[in-house]
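*Asks:* In UniProt numbering, the protein residues as written are 1 to 137.
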Amino acid sequence: MKNDTVCKQNGSTVFLKEREQYFEKQDLEAQLQDKNIAIIKLKKLIKKMKGKGVNTNFKKQSILEKPPLQPIKNQLVSPRESIGSNDKVHNYYLEEAKNKAQLQKDKALNSKPSMQQSTRLPNTANGSKPKPRNFNQ
């Protein structure tokens with residue numbers, strides 16, 4: 001009889017432990033479900049605050065594709081007078097070329113003498129001028 005009561009006591013303690021574990025598991029599953037519901041609600045709230053269907057994933061443009069059309073700007077790159085005819089273009093070009101040439105000439109005159117290029121003829125061994133080539137040989 002003692003063995004039967006010991007088995008019943010051992011069996012009942014095992015049963016009680018399993019029962020406690022079962023209820024603990026049920027509580028943990030309920031907490032997990034509550035957390036999942038809270039996460040879903042927060043995601044919906046974030047989506048609502050962002051706006052409807054905001055797409056932040058943009059396709060990178062390929063080098064080979066045409067660039068997208070851009071609106072034409074009415075402003076010129078440099079504030080110049082608009083040029084209407086070829087004569088005006090030609091005159092404008094000539095003025096710019098003269099100005100550049102004058103600037104280069106001024107720079108050359110203002111630079112150090114050692115930096116200027118020599119325009120003298122090369123010296124020969126006997127000090128005379130070099131003879132021109134004779135092409136009638």
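Glycine included, each C-beta is placed from N, C-alpha and C at the ideal position.
1) To the nearest angstrom, how far is the alpha carbon of residue 104 from that of residue 134?
2) Since residue 86 is in the alpha helix (DSSP H), which residue starts that stretch and which ends it?
3) Assign residue 19 to one of three DSSP states: helix, strand, or coil.
*Replies:* Inspection of the coordinates gives the following:
1) 37 Å
2) 86-110
3) helix
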